[in-house]
Amino acid sequence: MAALAFTASPALAEDAPVPEPPTFTSTLTATLTPDAVRADDGAPVPGQQGASGQFTLRLNSQQDIVCYDIRMTGVTPPFSSPARTATHLQEGQPNESGNPRMVFPDPQGPPGGPMTSTGCLQGPFTTGVVVGGVDTGTGFTVKDLEANPAAWFVDTHTEQYRTGAVRGQLSKTG
Numbered sequence: 001m002a003a004l005a006f007t008a009s010p011a012l013a014e015d016a017p018v019p020e021p022p023t024f025t026s027t028l029t030a031t032l033t034p035d036a037v038r039a040d041d042g043a044p045v046p047g048q049q050g051a052s053g054q055f056t057l058r059l060n061s062q063q064d065i066v067c068y069d070i071r072m073t074g075v076t077p078p079f080s081s082p083a084r085t086a087t088h089l090q091e092g093q094p095n096e097s098g099n100p101r102m103v104f105p106d107p108q109g110p111p112g113g114p115m116t117s118t119g120c121l122q123g124p125f126t127t128g129v130v131v132g133g134v135d136t137g138t139g140f141t142v143k144d145l146e147a148n149p150a151a152w153f154v155d156t157h158t159e160q161y162r163t164g165a166v167r168g169q170l171s172k173t174g
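Take the sequence shown: its letter number 120 is residue 120 in UniProt numbering, and every next letter is one higher.
Take a look at the structure:
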C-alpha cells in the first residue's frame, strides 16, 4: 500500500458523545500488542515493548452508534497523531496499514496505566485527517464495521511511537 499524504483539519468539530442506547446489534473486541504494529507498507515495526491494551466496542448499527471501553497499560504519553486524537479505528487486514475512519478520546490515567477511555459516539464520524480533500471518516458507518469486523483494527500512537504504540485486530464476540 502506498503512503498517502494527509493533513489535519482543525476546522472539523469533534464527534459529540451520546447516551448509551438501550440495545446493541453486536460486540467486538481487540487485544492490542506492540508486535502487531505495521508501517504504511505493511511491514512490522516495533511498538512500545511491555505495553498492551483492550478494546470493547458495543455497536448499534440501526442508530450508527459505537460505545467504547478502552483500557491500556504500559503506554507512555504524550499521545500524538495527525488525527484529532491518537486512538483510532482503521480499516485494514493484520498485515496492512490504513487511514483512521473513526477516532476515540485518548485514554486517561497515570503514565504506564491503567489508562481508560469510555463513552459512546454517533455518526456521521470525522477524524480530522483529510486525504484528497475528504475527511477519512466520511462515509464510514457502523454497518461497515459489522459486515466484516476482522477487516478492521484499532491502535494508539504516541510521540515516541508515531507509527503505533499498540495495535489489535477486531473480532466479533457478541
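Backbone N, C-alpha and C fix where the C-beta goes; we use that ideal spot for every residue, glycine too.
At a Cβ-Cβ threshold of 8 Å, T56 and T27 count as neighbours. For S171, the number of other beta carbons within 10 angstroms of its own is below 16, and it is reported as exposed. If you draw a straight line from the Cα of P149 to the Cα of R162, it comes to about 25 Å.
With respect to the 8 Å criterion, I65 and Q108 are not classified as neighbours on the basis of their beta carbons. If only complete runs of 4 or more residues are kept, the UniProt domain "CHRD" (26 to 172) shows the alpha helix (DSSP H) at 142 to 147, in order along the chain. For P17, DSSP records a beta bridge to L121. Within the same chain, Cβ atoms closer than 7 Å to the Cβ of T126 are found at L12, D15, D135, G137, the five residues on either side in sequence being excluded. Fewer than three pairs of CB atoms, one per stretch, sit closer than 8 Å, so the stretch 90 to 99 makes no contact with the stretch 110 to 121. Rounded to the nearest whole angstrom, the C-alpha separation of Q49 and L89 is 21 Å. In its chain, beyond the 5 residues on either side, T27 have a beta carbon closer than 6 Å to the beta carbon of G174. Closest by C-alpha distance to E20, out of G98, D106, C67, is C67.
Distance check between Q160 and each of F24, P17, P46 places P46 closest, using alpha-carbon atoms only. The C-beta distance from S97 to R38 rounds to 5 Å, short enough to meet the 8 Å contact threshold.
Excluding five sequence positions before and after A83, the CB atoms of its chain that fall closer than 6 Å to its own CB belong to P100, V103, T127, G128, V129, given in chain order. Counting the other Cβ atoms within 10 Å of the Cβ of G132 gives fewer than 16, which makes it exposed.
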